[in-house]
Amino acid sequence: MNTLSRRRFLKISSASIVAAGAVSGVGRTVADAATAEKGIRQVPTFCDICFWKCGAVASVRDGKLWKIEGNPIDPLCHGRLCPRGTGGIGAHTDPDRLRSPLIRTNERGEEKWKEVTWDEALDYIAQRMKKIATEHGPESMAAFAHGIGGTFLKHTLKAYGAINMAAPSFAQCRGPREVGFELTFGDVVGSPERTDIENSDCLVLIGSHLGENMHNTQVQEFATAVGRGASIIVVDPRFSVAASKAKFYLPIKPGTDLALLLAWMHVLVTEKLYDADYVAKYGFGFEQFAASLTTYTPEWAFVETGIDPDTIRTTAREMARHHPATLVHPGRHVNWYGDDAQRSRAIALLNALLGSWGRKGGFYQPSSMDVPAYPYPDYPKATRAKLDNPDKKYPFASESLSTGIRDATISGLPYPVKGWLVYATNLLHALPNEAETIEAMKQLDLLVVVDVIPSETAGWADVVLPESTYLERFDDLNPEYFKQPFLGLRQPVIESPQDQKPNWWIAKKLAEKLGLGAFYPWNDIEEYLEHRVTAAGLSYPELKQKGIILGQSQPLYYEDGAPAEFYTPSGKIEFYSPQLEAAGFDPVPRYTPPAAGPPGSFRLLFGRAPMHSFSRTQSNRLLSDMMSENAVWLNHTSVTRLGLKSDDFVRLRNQDGIVSNRIKVKATERIRPDCVYMVHGFGHTSRGLRHAFGKGASDAKLVTRYQTDPLMGGTGMNVNFVTIEPEA
Ligand SMILES: Nc1nc2c(c(=O)[nH]1)N[C@H]1C(S)=C(S)[C@@H](COP(=O)(O)OP(=O)(O)OC[C@H]3O[C@@H](n4cnc5c(=O)[nH]c(N)nc54)[C@H](O)[C@@H]3O)O[C@H]1N2
Ligand SMILES: Nc1nc2c(c(=O)[nH]1)N[C@H]1C(S)=C(S)[C@@H](COP(=O)(O)OP(=O)(O)OC[C@H]3O[C@@H](n4cnc5c(=O)[nH]c(N)nc54)[C@H](O)[C@@H]3O)O[C@H]1N2
Ligand code: SF4
Ligand SMILES: [Mo]
Numbered sequence: 020m021n022t023l024s025r026r027r028f029l030k031i032s033s034a035s036i037v038a039a040g041a042v043s044g045v046g047r048t049v050a051d052a053a054t055a056e057k058g059i060r061q062v063p064t065f066c067d068i069c070f071w072k073c074g075a076v077a078s079v080r081d082g083k084l085w086k087i088e089g090n091p092i093d094p095l096c097h098g099r100l101c102p103r104g105t106g107g108i109g110a111h112t113d114p115d116r117l118r119s120p121l122i123r124t125n126e127r128g129e130e131k132w133k134e135v136t137w138d139e140a141l142d143y144i145a146q147r148m149k150k151i152a153t154e155h156g157p158e159s160m161a162a163f164a165h166g167i168g169g170t171f172l173k174h175t176l177k178a179y180g181a182i183n184m185a186a187p188s189f190a191q192c193r194g195p196r197e198v199g200f201e202l203t204f205g206d207v208v209g210s211p212e213r214t215d216i217e218n219s220d221c222l223v224l225i226g227s228h229l230g231e232n233m234h235n236t237q238v239q240e241f242a243t244a245v246g247r248g249a250s251i252i253v254v255d256p257r258f259s260v261a262a263s264k265a266k267f268y269l270p271i272k273p274g275t276d277l278a279l280l281l282a283w284m285h286v287l288v289t290e291k292l293y294d295a296d297y298v299a300k301y302g303f304g305f306e307q308f309a310a311s312l313t314t315y316t317p318e319w320a321f322v323e324t325g326i327d328p329d330t331i332r333t334t335a336r337e338m339a340r341h342h343p344a345t346l347v348h349p350g351r352h353v354n355w356y357g358d359d360a361q362r363s364r365a366i367a368l369l370n371a372l373l374g375s376w377g378r379k380g381g382f383y384q385p386s387s388m389d390v391p392a393y394p395y396p397d398y399p400k401a402t403r404a405k406l407d408n409p410d411k412k413y414p415f416a417s418e419s420l421s422t423g424i425r426d427a428t429i430s431g432l433p434y435p436v437k438g439w440l441v442y443a444t445n446l447l448h449a450l451p452n453e454a455e456t457i458e459a460m461k462q463l464d465l466l467v468v469v470d471v472i473p474s475e476t477a478g479w480a481d482v483v484l485p486e487s488t489y490l491e492r493f494d495d496l497n498p499e500y501f502k503q504p505f506l507g508l509r510q511p512v513i514e515s516p517q518d519q520k521p522n523w524w525i526a527k528k529l530a531e532k533l534g535l536g537a538f539y540p541w542n543d544i545e546e547y548l549e550h551r552v553t554a555a556g557l558s559y560p561e562l563k564q565k566g567i568i569l570g571q572s573q574p575l576y577y578e579d580g581a582p583a584e585f586y587t588p589s590g591k592i593e594f595y596s597p598q599l600e601a602a603g604f605d606p607v608p609r610y611t612p613p614a615a616g617p618p619g620s621f622r623l624l625f626g627r628a629p630m631h632s633f634s635r636t637q638s639n640r641l642l643s644d645m646m647s648e649n650a651v652w653l654n655h656t657s658v659t660r661l662g663l664k665s666d667d668f669v670r671l672r673n674q675d676g677i678v679s680n681r682i683k684v685k686a687t688e689r690i691r692p693d694c695v696y697m698v699h700g701f702g703h704t705s706r707g708l709r710h711a712f713g714k715g716a717s718d719a720k721l722v723t724r725y726q727t728d729p730l731m732g733g734t735g736m737n738v739n740f741v742t743i744e745p746e747a
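Number 747 marks the last residue of the sequence shown (this note's numbering); no jumps.
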């Protein structure tokens, strides 16, 4: 593996020297290039259509953005982007993009603005931020920022004295998984996930719908595993694309996965199929854990899950047969039912029984390159504590809770929140219960949204700042934590078409207007980048030419010398968790059945489509060309009973009377009769999104209820129910 990629690396690096002359002009001379340029220019950068950060090479032909391909030396993508990444040029050419800074002229949410200059917009923001600091303290200015582009704006806010900052990637995404794994192994799964899918002989997917969920490396490795004949076990109420590759497909009753996990562990323990040496060497509290499993028989689990006892036994034995190269995938978007950290802990424990943590075909040990931070002055010391999790209500929340900031904004407790800066997150689609988000926004003296398109959240802003897309800007460096550590650079490929600016420029100018210029000792972003790359002992010109510098691989598995260290209080894998017990929680996972919905209703489930990312790509003409609206998946028996057929339009009414946009029916046998499914991110209501407006329906609008995880504050969102109303 290593020699191969290093050999390829050498080949590529000599090839990229040819392109070096052209590439080195990027950033300063694109303006001249766009007008005078003839021929083809190639620029390495990394993708931002999702957060996987695949290395890419963009081609500009006769001054116009032409295509984007994978960077062949990128360990994440191996030269191949996913459909969304390939369609990334549609983000640059989107005619519905924000063009210039806007200041609100009417009531919030009416989407009426006047165009202003950057000076006017930033003066307005700085003035109001100073007023908030004087009247309420700088901690009353909060931020929501998702992705690497938020780095510099968060730096400006920290310099100002803000401390309350969150992203939906914790409490609405992978938070429970990180907490469940950290409680068990003393370490998180991380992103990109440390899953050794390519080497697994048995892969268990619990809802993770790889192939629709297009995280590039995972999908490529999944294809490799399938090609190698790995045994695939898929647990999903819906027959996903991944299920079509499976040896065993378990159409589980939604919300009962913990029962299945407990029964699987019961089988492994009672039949003595677990990795006894591994457990003896690394485990803590195994006896108590094993004793807790006695009642969780496959027969018991059958009643809860609908999966017959024979299948439970057969699949447990299948996992044992291939261990330790059996990978029970930890999932990623795991905020489902509010018991998610404990369910994730059960997944961690099942992997521990199989001995897969730290083993080939299981979970490898990632490493990253050491790139020192830029030496900035110290931030001011806060006089108040963060407000998203007062009194550690959620004792195991290891990152800030977006919904906690929202709660505090509504209640004004423990202290008022008067300003929000929202960067690259569409809170109205990402947080559950949009009414609460709107109520919170109404409490604010200042709402700033930085986006590339007029999102629903931008519709509520006082000031909207149009950002350059990822193809038009530098961002912070990406020292990736992966199998093969590497450093990635995002750099501009082409100029912004109108008055859009990159985040670093906005952040620096805003800091200057706030009197915080000292926090930006550099004049240009490249000065900053070059400083950091040089401090890491690497060459900035080389990084610009190649887009990626590879680091030295470390041992990946215990058998190869990766250290078997567990940062839990006991220093071992905690089968029984004294930490949880001390905090008043179940020290070993315990099953509680999910609450049923109103009679005649369907549980609302949602997920991904290969050609879209969340609510951010429906406006991208290239991607919407492949899928312009979503449909609601309904079991064909329900469709017949309701007197409907495929492609009929219906509306979904949830348990709280919220009615969706109209949406087409997809009659299918590929979903259980007790639930419906739709792709997340559609049903846009922002008038500025002329192309995406009104196409399909929004799952987020129907997610009025959520079940909060008592361990870590994650918001389980699969707890809503809908009925179907035919459209006249
Ligand atoms: N109902 C429901 N809610 C969910 C989910 C779900 O499936 N259903 N999924 C959850 C998960 S797993 C996650 S990770 C979160 C994701 O939540 P978010 O990250 O908030 O995802 P998006 O809704 O796509 O919002 C991203 C916003 O960033 C903008 N944007 C895109 N590129 C740029 C850029 O270069 N610069 C700037 N400034 N803005 C940009 C987009 O236009 C869009 O408005 O949502 C969570 N919430
Ligand atoms: N194309 C594309 N790919 C993406 C993204 C994107 O926006 N677009 N976003 C990325 C991000 S940030 C994330 S977090 C991931 C999310 O992707 P995943 O972590 O794979 O998961 P979800 O989208 O939550 O999962 C949806 C799947 O779970 C199933 N499911 C629902 N309820 C249950 C249940 O009770 N039990 C079981 N066993 N299964 C259930 C659904 O039927 C569906 O197949 O995708 C990543 N990849
Ligand atoms: S997975 Fe696809 S969208 Fe995400 S960074 Fe990679 S190419 Fe881009
Ligand atoms: Mo996510």
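Each residue gets a CB set at the ideal place from its N, CA and C atoms; glycine is no exception.
{"Item": "In or out: L432 buried (at least 16 other Cβ within 10 Å) or exposed?", "Value": "exposed"}
{"Item": "Taking 7 Å as the cut-off, is the C-beta of R193 nearer than that to any heavy atom in ligand 4?", "Value": "yes"}
{"Item": "Does the count of Cβ pairs from the region 364-376 and the region 192-208 closer than 8 Å reach three?", "Value": "yes"}
{"Item": "Under 7 Å from any heavy atom of ligand 3, does the C-beta of K72 make it?", "Value": "yes"}
{"Item": "Can you pull the DSSP bridge partners for Q61?", "Value": "S78"}
{"Item": "DSSP state of Y539, grouped into three classes?", "Value": "coil"}
{"Item": "Once you ignore the five residues that flank V45 on each side, which residues in its own chain have a CB closer than 8 Å to its CB?", "Value": "Low confidence applies to V45: its pLDDT is 39, below 50, so where it sits in the model is not reliable, and the reading given next is rough at best. Result list for V45: V62, Q510, P511, V512 and K563, in chain order."}
{"Item": "Tell me, to the nearest whole angstrom, how far the beta carbon of R378 is from that of Y559; I am working on the premise that it is less than 8 Å.", "Value": "With 8 Å as the limit, R378 and Y559 do not qualify as a contact, their Cβ atoms being about 38 Å apart."}
{"Item": "Quick one: what does DSSP say N218 is sitting in, helix, strand or coil?", "Value": "helix"}
{"Item": "Any heavy atom of ligand 3 closer than 7 Å to the Cβ of L730?", "Value": "no"}
{"Item": "Looking at Y398: is its Cβ nearer than 8 Å to the Cβ of R551?", "Value": "no"}
{"Item": "I want to check one thing, is the minimum distance from the CB of L19 to the heavy atoms of ligand 2 below 7 Å?", "Value": "For residue 19 there is no data in the structure shown, the boundaries of the chain being 20 and 747."}
{"Item": "Under 7 Å from any heavy atom of ligand 1, does the C-beta of H725 make it?", "Value": "The amino acid occupying residue 725 in the given sequence is Tyr; His does not appear at that position. No, the beta carbon of Y725 sits no closer than 7 Å to any heavy atom of ligand 1."}
{"Item": "Could you tell me whether the Cβ of R147 comes closer than 8 Å to any Cβ of chain D?", "Value": "Of the protein chains in the structure, only one exists, and it is not chain D."}
{"Item": "Hey, quick one: how far does the beta strand (DSSP E) through A164 stretch, first residue to last?", "Value": "M160 to A164"}
{"Item": "State buried or exposed for I36, treating a residue as buried only when at least 16 other CB atoms are found within 10 Å of its CB.", "Value": "Model confidence at I36 stands at a pLDDT of 31, short of 50, so the residue's coordinates are unreliable and nothing is read from them."}
{"Item": "How long is the line joining the alpha carbons of L229 and E154, rounded to whole angstroms?", "Value": "49 Å"}
{"Item": "Say yes only if the C-beta of E514 is nearer than 7 Å to one or more non-hydrogen atoms of ligand 1, and no if none qualify.", "Value": "no"}
{"Item": "Identify whether P485 lies in helix, strand or coil by the three-state DSSP scheme.", "Value": "strand"}
{"Item": "Cβ of N654 versus every heavy atom of ligand 3: is any distance shorter than 7 Å?", "Value": "no"}
{"Item": "Measuring only the C-alpha atoms, how far is V698 from L95?", "Value": "25 Å"}
{"Item": "In terms of residue numbering, what span does the alpha helix (DSSP H) encompassing V198 cover?", "Value": "G194 to F204"}
{"Item": "Who are the near neighbours of A3 in its chain, counting only those whose CB is closer than 6 Å to its CB and skipping five residues on each side?", "Value": "Any property of residue 3 remains undetermined from this structure, which presents the chain solely from 20 to 747."}
{"Item": "Would you say E337 touches ligand 1, meaning its beta carbon is less than 7 Å from a heavy atom?", "Value": "no"}
{"Item": "Give the straight-line distance between the Cα atoms of N739 and N90, rounded to the nearest whole angstrom.", "Value": "42 Å"}
{"Item": "At 4 residues or longer, what runs of the alpha helix (DSSP H) sit wholly inside the region 216-287?", "Value": "235-246"}
{"Item": "Suppose contacts are defined by Cβ-Cβ distances below 8 Å. Is R196 in contact with G381 by that definition?", "Value": "no"}
{"Item": "Looking at the structure shown, is M184 part of a helix, part of a strand, or coil, going by DSSP?", "Value": "strand"}
{"Item": "Does the beta-carbon distance from T636 to R103 come in below 8 Å?", "Value": "yes"}
{"Item": "Can you tell me whether DSSP reads E479 as helix, strand or coil?", "Value": "The amino acid at residue 479 is misidentified as Glu; the sequence shows Trp. In the structure shown, W479 sits in a helix (DSSP, three-state: H, G or I)."}
{"Item": "Where DSSP assigns a beta bridge to S386, which residues make up the other side?", "Value": "F501"}
{"Item": "V223 to A335, Cα distance in whole Å?", "Value": "10 Å"}
{"Item": "If you count every other CB in all the chains shown that lies within 10 Å of the CB of S219, and 16 or more means buried, which is it?", "Value": "buried"}
{"Item": "Just to confirm my understanding: we take C101, look at its own chain, exclude 5 residues before and 5 after, and list those with CB closer than 6 Å. What are they?", "Value": "M233 and N235"}
{"Item": "Should the region 717-736 be called in touch with the region 638-647, which here means at least 3 C-beta pairs below 8 Å?", "Value": "no"}
{"Item": "Between the alpha carbons of E486 and L440, how many angstroms are there, rounded?", "Value": "14 Å"}
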